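For the sequence shown, the numbering used here gives the first residue as 21, with consecutive numbering after it. Note that CB positions come from ideal geometry on N, CA and C, so glycine has one too. Keep in mind the model is a prediction, meaning the values are calculated, not measured. Here is the structure we will look at, set down as structure tokens.
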Amino acid sequence: MSTLEVSNLNDGTTTVATTFVTNGSAKVWVNFRGSDTFGIDNSFGVSSCDDDGVGDYSVNVTSAFSTDGFSSTSSCQGDSSNDNRGCCTDNNGTSETRVNTFICTSGAASDSAEVHVTIHGDLA
């Protein structure tokens, strides 16, 4: 295997430091359908997503993080019957993030039409 060492990357108009790419870019992201037909629509660095119950999902990453202190964020979209949804994430070890979605007004668990998760951290 060869190693290429560079300080900056340039696309012809913008230059960024390689540390931004290696340290600041999302290591994992996913967009999946949580209601109707469960499934991943698009992803990077995700091996699978699981539907663990009403409003309860897990995102499994392809490469584990160095610690379970990585940063995961999520957003979710409701359906036509109740668009006021909230979601939260919780890291579960170094290779899984749990996502819970709920109706904001009642706090009741509820599947979401779309769920988006982004994870930042150091890969192992």
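Simplified DSSP assignment, three categories, for residue i
{"i": "Gly75", "result": "coil"}
{"i": "Thr138", "result": "strand"}
{"i": "Asn104", "result": "coil"}
{"i": "Gly89", "result": "coil"}
Expected contact under 8 Å - CB spacing of residue i and residue j to nearest Å
{"i": "Asn80", "j": "Ser115", "result": "6 Å"}
Among the options, nearest to residue i - alpha-carbon criterion
{"i": "Cys124", "options": "Cys96, Arg118, Asp61 and Asn30", "result": "Cys96"}
{"i": "Asp72", "options": "Ser86, Thr33, Val66 and Ser55", "result": "Ser55"}
{"i": "Ser130", "options": "Ala46, Thr138, Asp142 and Asn120", "result": "Asn120"}
{"i": "Val66", "options": "Ser126, Val137 and Asp110", "result": "Val137"}
Residue range of the unbroken beta strand (DSSP E) whose run includes residue i
{"i": "Val50", "result": "Val48 to Arg53"}
{"i": "Asn28", "result": "Asn28 to Asn30"}
{"i": "Ser63", "result": "Gly59 to Phe64"}
{"i": "Val119", "result": "Glu116 to Ile123"}
Should the region 24 to 35 be regarded as contacting the region 84 to 93, the criterion being three or more beta carbon pairs within less than 8 Å?
When C-beta atoms of the region 24 to 35 are compared with those of the region 84 to 93, fewer than three pairs fall below 8 Å, so the two segments do not count as touching.
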